[in-house]
Amino acid sequence: MKKKVLWMLLTLFALMVLVVAGCSSNDEANSEGDSDNQDTTDSAEEGSGGSDTFVFGRGADSEQLDPSKVTDGESIYVTNQIYDTLVRYEQEGTEVKPALASEWKTSEDGLKWTFQLRDDVKFHDGTDFTAEDVVFNFERWTEGAEYVYYGYMFGASEEDPGGIIEKVEATGDYEVTFTLSEPNAPFLNTLAMPPFGIASPDAIKEHGEDYFKNPVGTGPFVFEEWKQDDSITLSKNEDYFGDAAKVDTVIFRVIPDNGARFMELQAGSIDAMNGMNPQDIQQAEDDDALQIIRRPSMNVSYMAMNTDKEGPLKDKKVRQAINLAIDKEKLLSLFEGIGKPAKNPMPPSLWGYNDDIEDYGYDVEKAKSLLAEAGYGDGMSLTLYTMSNPRPYLPQPKFAAQAIQEMLKEVNVVVEIVENEWDSHLSATENGDHDMAFLGWTGDNGDPDNFLYVLLDKDNAKKGSAGNIAFYKNDELHDILKKAQTELDQDKRTSLYKEAQEIIHEDAPWFPIAHTTPPLAVKKEVKNYIPHPTGSEPFNYLELN
Amino acid sequence: MLNYIIRRLVSLVPVVIGVSILSFSLMHLVPGDPARSILGEKATETQLEMLREELNLNDPLVVQYGNFMGKIATGDLGESIKSKESVASEIGGRLPATIELTLFAMTVAVVVGVLAGVIAAVKQYSWFDNLSMSGALFGVSMPIFWLGLMMIWLFSVELNWLPPSGRLSNDIELTTITNLYLVDSILTLNGEAFVDALRHLLMPGIALATIPMAIIARMTRSSMLEVMKQDYIRTANAKGLAGRLVVFQHALKNASLPVLTVIGLQFGFLLGGAVLTETIFSWPGVGRYVVDAILSRDYPVVQSTILIIAVIFVLVNLITDILYTLFDPRIKLD
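Protein sequence lines, in the order shown, are assigned to chains A and B.
Just so you know, we're using UniProt numbering here: the first sequence kicks off at 1 and counts up by one.
Just so you know, we're using UniProt numbering here: the second sequence kicks off at 1 and counts up by one.
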């Protein structure tokens with residue numbers, strides 16, 4: 001009897017192993033021919049494996065290592081090491097400098113851009129980099145909706161897959177010419193964005209669907225291994241055409257819990273981290289072995305007021321009154337030391353920022369009289385839509401909503417808070433369900449157009465896909481922003497954008513909240529870690545002592 | 001008995017269907033858009049719509065469910081919406097990590113829990129009884145994330161005894177066969193990897209073990225106390241059998257049925273409940289994977305993973321039922 005039972009148990013156990021193995025064996029079949037995470041030899045990492053290895057700890061894994069298809073910062077962080085763009089941002093700001101392209105010129109009318117490419121660049125797979133490769137990449141990005149940033153930055157759609165780029169031609173072995181359908185002043189800045197990193201056509205053809213696990217670029221680091229949810233390992237590109245990396249290996253490690261990640265930094269098993277718990281910042285500052293480095297802000301958080309919906313918020317005076325009735329300083333205490341008050345829709349780190357504008361300030365009496373003038377002295381009720389999860393530009397959305405609710409009570413405005421999970425919040429606000437709503441923006445290419453036009457122009461106030469969730473439509477502003485898009489003279493653009501900010505300030509479609517400077521904790525022995533405002537930086541400059 | 005097992009395995013089919021309907025409808029009831037979560041906040045409505053079309057998200061729910069179950073019936077778990085990889089291969093890489101952690105934790109929980117429970121029962125009201133039972137109370141009520149963080153702080157940051165996270169150090173090479181690192185290192189006779197993998201397992205394993213350990217200890221104690229009062233135990237003692245023999249041969253065997261039930265349930269619970277432990281100790285297992293999938297509305301991943309966990313849960317319970325007959329021959333399963 002006992003034997004029989006044992007026998008059965010053994011069979012059942014075998015069955016369970018089968019369930020598990022069923023998964024694993026499929027896996028082998030799938031990863032055949034890949035050199036990725038399911039290799040037969042497996043080695044996990046832990047610790048700064050030697051002085052020439054830089055280990056970066058972060059909260060989540062990359063989604064794909066094909067930058068043209070992703071929007072998550074964790075993917076871009078890694079691909080920024082592997083790929084180069086035609087031009088790159090300078091180390092500390094968003095001015096561009098040569099990279100794969102050594103020089104460039106624009107035609108008089110701003111429609112033709114000609115780039116001279118370097119002739120000494122090789123992809124990590126050994127193939128030469130030429131103008132044809134640039135053409136190949138740009139054509140690939142027009143092939144479908146999954147190339148998110150291409151579609152979004154160049155206005156591509158199903159009907160018009162190329163967007164404003166009419167043609168990309170190799171006009172020589174190392175010369176490439178872009179023909180645009182309209183002049184686009186931010187074009188160069190946009191080309192520097194990591195999603196437009198040039199990939200090896202050979203590798204794309206070889207790996208097909210699996211290319212995102214086998215990235216091949218020209219950048220300072222070469223992809224080695226990806227163990228999902230665990231780590232990504234890169235090694236130094238010995239033949240890099242630019243500043244060669246000073247460390248041999250870079251490892252990105254996933255440590256989901258903020259507190260645990262900080263302890264790993266203290267224990268020395270990682271060299272740097274992002275995503276700190278606010279209460280750990282002081283501790284890191286007090287630690288002799290650690291330094292806190294703040295990333296310059298390229299974002300803004302705001303409360304948009306829906307100017308399109310029938311009701312009090314159509315009236316400029318009401319919107320101004322709300323700006324006056326909220327105590328921004330108090331609200332910023334919720335940012336735990338990482339926020340600076342915002343008075344404009346774009347951050348001060350960008351050129352074109354209008355510092356002459358004076359913020360509305362906190363003045364309850366003035367707010368009350370404005371409301372009375374507008375005929376709402378007896379009060380009104382408004383909804384405030386908020387996301388339930390923290391965002392990089394708004395760490396505690398719910399508390400911020402409650403604080404505003406309390407402050408607006410003073411001026412007889414009753415606020416009903418509607419809290420939604422992130423996806424639902426986005427679709428609700430894009431549809432204009434809200435009276436007021438929290439949202440924020442992180443800049444893409446370091447151009448003011450990427451804030452003012454995207455977030456406040458009438459072109460982007462379309463229900464269902466609005467970047468402008470105040471649904472604010474001002475023709476005068478529209479003309480200025482359009483003109484600035486096609487004007488190639490930087491000084492003229494600067495004054496146009498300053499003017500635009502004045503109009504926005506006067507019309508008050510937003511209550512601008514803050515610009516945040518997210519902290520990174522880095523070991524002191526790491527030198528030259530300069531965080532870039534765009535959110536990720538190439539690691540070839542940093543050194544380990 | 002064979003009939004019984006076959007019957008139970010057949011009954012898996014309605015369980016699978018039930019679980020699939022439940023997970024499918026729950027996932028689709030929760031607001032959220034997979035297309036949005038893939039393309040991000042900056043995607044245009046046209047892009048979103050194209051992707052929804054591509055992923056068949058515009059089909060009626062019944063059709064979507066039918067497609068999903070049709071694939072399951074042929075053994076195809078589908079593709080992750082997000083990574084475009086087959087769910088089977090994604091789970092295959094992570095399930096062994098979770099199983100290794102769970103098995104280790106259960107071993108710790110059973111060995112320590114049963115021993116403590118037995119000793120506490122035999123020496124009722126002794127200092128050991130009081131100490132271990134207050135320890136058990138502490139264990140049940142301890143939030144795992146707090147315990148985990150404290151362990152990392154003490155053993156990794158302060159004492160530097162154990163690695164804070166991960167499954168293996170980066171300088172250790174290990175040929176993987178089952179993806180259970182302890183087993184693989186034994187199979188390939190790799191002592192260095194075994195020690196390293198064990199060092200990585202210790203903290204998350206013990207953290208995960210605390211709650212089941214406490215429950216098992218309390219259950220063993222009360223069950224043993226009851227059995228120890230029975231006549232046959234008095235007889236065994238009276239006829240001069242050695243104390244240890246009475247406790248372990250006569251009493252424990254009869255006291256073990258309720259304990260076994262608890263162990264079976266806890267095992268299934270741990271498989272799905274290791275999320276917090278996996279998060280704190282950066283353990284690349286299936287719990288974290290499902291949570292991420294839920295957050296990004298990756299329907300195929302969530303549904304398939306829940307199905308697999310449900311099947312394993314049922315199998316574990318079946319094994320528990322069969323084990324009953326080992327401990328108590330009077331139980332007939334047919």
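Ideal Cβ placement from N, Cα and C applies to all residues, glycine included.
The stretch 141–167 of chain B: positions lying closer than 8 Å to chain A by Cβ: Listed by position along the chain: F145, G148, L149, I152, W153, S156, V157, N160, P163, P164, S165, G166 and R167.
Closer than 9 Å to chain B by CB, A/L426: Chain B contact via Cβ: present.
Span of the alpha helix (DSSP H) around A/S62: No residue range can be given for A/S62, since it is assigned to no alpha helix (DSSP H) and is classified by DSSP as neither H nor E.
Beta carbon proximity, B/M219 to chain A, threshold 9 Å: Against chain A, the CB of B/M219 has no partner CB under 9 Å away; the residue lies outside that interface.
Cβ of B/E54 within 9 Å of any chain A Cβ: Yes, its Cβ sits closer than 9 Å to a Cβ of chain A.
Proximity test, A/I293 beta-carbon vs the ligand MG heavy atom, cut-off 8 Å: The model depicted lacks the ligand MG and carries no ligand whatsoever.
Option nearest B/V311 by Cα separation, candidates B/N3, B/A193, B/R7 and B/V19: With distances taken between Cα atoms, B/V311 lies closest to B/V19.
Within 9 Å, strictly: CB atoms of A/P531 and A/P392: Contact check for A/P531 against A/P392 fails: the beta carbons are separated by 9 Å or more.
Local conformation of A/V418 per DSSP, three classes: A/V418 sits in a strand when the DSSP states are folded into three classes.
Against chain B: residues of the stretch 235–261 of chain A by CB proximity under 8 Å: Answer set for the stretch 235–261 of chain A: I251, R253, V254, I255, P256, D257, G259 and A260.
Chain A contact residues for B/R330, given Cβ-Cβ distances below 8 Å: For B/R330, no chain A residue has a Cβ inside 8 Å of its Cβ, as the nearest lies near 12 Å away.
Endpoints, the beta strand (DSSP E) within which A/A514 is located: W510 to T516 is the span of the beta strand (DSSP E), which, as asked, contains A/A514.
Beta-carbon proximity check, B/Y299 vs B/I91, cutoff 9 Å: Taking 9 Å as the Cβ cut-off, B/Y299 and B/I91 do not qualify as a contacting pair.
Short CB-CB distance (under 9 Å) between A/F212 and chain B: Judged by the 9 Å Cβ criterion, A/F212 is in contact with chain B.
Neighbour-count burial assignment, B/R244, 16 or more Cβ in a 10 Å radius: So B/R244 ends up on the exposed side.
Sequence-distant residues of the same chain with beta carbon closer than 7 Å to A/T429, five excluded per side: Apart from the 5 residues on each side of it in sequence, A/T429 sits with its Cβ closer than 7 Å to the Cβ of Y385, A437, L439 and I469 in its chain, given in chain order.
From A/L331, A/L65 and A/D52, residue whose alpha carbon lies closest to that of A/F223: A check of alpha carbon separations from A/F223 across A/L331, A/L65 and A/D52 identifies A/L65 as the nearest.
Proximity winner among A/Y472, A/V134 and A/H124, relative to A/D308 (alpha-carbon distances): By alpha-carbon distance to A/D308, the top candidate from A/Y472, A/V134 and A/H124 is A/Y472.
Chain A contacts from the stretch 14–48 of chain B (Cβ-Cβ distance under 7 Å): Cβ contacts with chain A: P31, G32, D33, R36, S37, L39, G40, E41, K42, A43, T44, E45, T46 and Q47.
B/F281 at chain A interface by Cβ criterion, 9 Å: So yes, B/F281 belongs to the interface.
Contacts that B/Y299 makes with chain A (C-beta to C-beta distance below 9 Å): Going along chain A, no residue has its Cβ under 9 Å from B/Y299, so there is no contact; the nearest lies around 13 Å.
Interface flag, A/S388 vs chain B, CB-CB below 9 Å: Not one beta carbon of chain B lies nearer than 9 Å to the beta carbon of A/S388.
Buried or exposed by the 16-neighbour rule on C-beta atoms within 10 Å, applied to B/R21: First, the residue type needs correcting, since residue 21 of chain B is Ile and not Arg in the sequence shown. Counting other Cβ atoms within 10 Å of its Cβ, B/I21 stays below 16 and is therefore classed as exposed.
Bounding residues of the beta strand (DSSP E) (the contiguous stretch that carries A/T106): From DSSP, the beta strand (DSSP E) with A/T106 extends over A101 to T106.
Nonlocal neighbours in the same chain, by C-beta distance under 6 Å from B/E100, ignoring five residues either side: Taken in chain order, the residues that qualify are L180.
Where the alpha helix (DSSP H) through A/G259 begins and ends: For A/G259, the uninterrupted alpha helix (DSSP H) segment begins and ends at N258 to A267.
Cβ-based neighbour list, A/Y240, same chain, cut-off 6 Å, excluding 5 preceding and 5 following: So the list reads P220, once near-sequence residues are dropped.
8 Å contact criterion, which A/S68 and A/Y149 should meet: CB distance rounded: Sure, about 7 Å apart at Cβ, within 8 Å.
Among A/G57, A/E416 and A/L117, nearest to A/Y174 - alpha-carbon criterion: It is A/L117.
Beta-carbon separation (whole angstroms), B/F104 vs B/G205, contact threshold 8 Å: About 4 Å; that satisfies the 8 Å criterion.
A/D423: contacting residues in chain B (beta-carbon distance under 8 Å): Those within 8 Å of A/D423 in chain B are P31, G32, D33, R36, S37 and R297.
Interface positions of the stretch 146–161 of chain A facing chain B (Cβ-Cβ less than 8 Å), listed along the chain: So the close ones are E146, V148, Y149, G151, Y152, S157 and E158.
Residues of its chain near A/V87, where Cβ-Cβ distance is below 7 Å and the 5 sequence neighbours each way are ignored: So the list reads V96, K97, P98, A99, A101, L188, L191 and A192, once near-sequence residues are dropped.
Contact with chain A by B/S126, beta-carbon distance below 9 Å: Not one chain A Cβ lies under 9 Å of B/S126.
Where A/F115 sits in the DSSP three-state scheme: The answer is strand: DSSP assigns A/F115 an E or B state.
Unbroken alpha helix (DSSP H) run spanning B/Y324, endpoints: DSSP places B/Y324 in the uninterrupted alpha helix (DSSP H) bounded by Y299 to F327.
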